[in-house]
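Written out below as structure tokens is the structure these notes cover.
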Amino acid sequence: AANYHPTLGWMGSLSAFSGGSGYWMLTSEAISFSFETDMLTRTKELPIVKAPIGYDYKQSTIQAFYFIESVESIEIGDWLLVYHGDNLIGARAWLGEYSDIPVMGDDGNSFTSGYIQAGDTPKFKLLTDDRFIALDGDIGPFTNNTLYHISNLRLLPEAFDLSPAYPNPFNPTTTLSFALPQEAYVSIVIYDIQGRELTTLISGSMQSGYHSAIWNANRYSSGLYFVQMIAGEYMNTQKLMLVK
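Using the UniProt record's numbering, the first residue of the sequence shown is number 1, and each one after it goes up by one.
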């Protein structure tokens, strides 16, 4: 696919038209289009990079393209894989910003059974050094014959985690950073040394990703306190030292 950026011009993996092939075009206004066949002999196409063994998928007549501007921690040659459930529905080697990834939908053929349906949101993964890392970002729901632009895909945490408070000791505020690999109900509560609940920083459902909460202890005296985070089956309790 190719997509026109008002500043950068044309981008994507489609660099030339081939005789005998069909193409579809999306425009926001009426245009005039002409195509000179003698340009074919002067146009260089981007190299075709085959997917790693075991990561092939079937072409569907129902498909869309997601143009990715940037991906956290990705390197040239890494792979972006797209899934619907456990079904691989798209893959592309990362060749730089605005790499386009084809995403296949269920068109009724048996070999596309389990592919994505209109309105569902695909899941992106990064394949790097034989490791799979889930990605998160502003990913639009799938619609046939649509071009999407995603400014950034972020790495999702691989496990629940509450990082050490910083600063600690502190006066009067400290930051509690935590990671959620999936949506979860999160509780973060502050206790005194007697085990009495002082304040609840977070109590509610939260999306996957990296988050933080700040405890302002200006109403409390110097001493030892505890913070406890519960998310699903995960629980972590840490000491906090307030020094005034």
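Backbone N, C-alpha and C define an ideal beta-carbon position, used for all residues, glycine too.
At a cut-off of 7 Å, is residue i close to the ligand MG when judged by its beta-carbon and the heavy atoms of the ligand?
i: Asp100; result: As far as ligands go, the structure on display features none, and thus does not contain the ligand MG.
In the DSSP assignment, the beta strand (DSSP E) including residue i goes from what residue to what residue?
i: Leu88; result: 87 to 93
i: Val82; result: 79 to 84
i: Leu136; result: The amino acid occupying residue 136 in the given sequence is Asp; Leu does not appear at that position. Taken as a continuous stretch (DSSP letters only), the beta strand (DSSP E) holding Asp136 covers 131 to 137.
i: Ser113; result: No beta strand (DSSP E) contains Ser113, which DSSP labels as neither H nor E.
i: Ala64; result: 63 to 68
i: Ser99; result: 99 to 104
i: Leu127; result: 123 to 128
Using the Cα positions of residue i and residue j, report the straight-line distance between them to the nearest angstrom.
i: Lys239; j: Pro157; result: 23 Å
i: Thr61; j: Glu72; result: 31 Å
i: Gln63; j: Thr146; result: 8 Å
i: Tyr83; j: Gly22; result: 26 Å
i: Ala51; j: Leu95; result: 13 Å
i: Leu135; j: Met25; result: 29 Å
i: Ile230; j: Asn236; result: 7 Å
i: Ile150; j: Ile139; result: 7 Å
i: Pro169; j: Ala217; result: 12 Å
i: Leu198; j: Asp161; result: 22 Å
i: Ser163; j: Leu88; result: 34 Å
i: Met241; j: Val189; result: 15 Å
i: Pro122; j: Tyr220; result: 47 Å
i: Thr27; j: Trp79; result: 29 Å
i: Leu81; j: Gly195; result: 47 Å
i: Met39; j: Ser177; result: Because Met39 carries a pLDDT of 47, less than 50, the predicted location of this residue cannot be relied on, and the following value inherits that uncertainty. If you take the alpha carbons of Met39 and Ser177, they lie about 56 Å apart.
i: Tyr234; j: Phe124; result: 25 Å
i: Glu97; j: Leu155; result: 17 Å
i: Ile193; j: Gly137; result: 40 Å
Are the beta-carbon atoms belonging to residue i and residue j less than 8 Å from one another?
i: Leu126; j: Ile116; result: no
i: Tyr55; j: Ala93; result: no
i: Pro102; j: Phe67; result: no
i: Trp215; j: Leu201; result: yes
i: Val227; j: Ala165; result: yes
i: Glu69; j: Asn171; result: no
i: Tyr210; j: Ala159; result: no
i: Ser113; j: Asp120; result: no
i: Ser222; j: Thr175; result: no
*Please confirm if the stretch 203 to 216 is in contact with the stretch 170 to 188, defined as three or more CB-CB distances below 8 Å between the two stretches.*
yes
*Mind listing, in chain order, the continuous beta strand (DSSP E) runs of no fewer than 3 residues lying wholly within the stretch 172 to 240?*
173 to 180, 184 to 192, 197 to 206, 209 to 216, 223 to 231
*Which ranges would you report for the beta strand (DSSP E) in the stretch 137 to 174 if only whole runs of at least 3 residues count?*
147 to 150, 153 to 155
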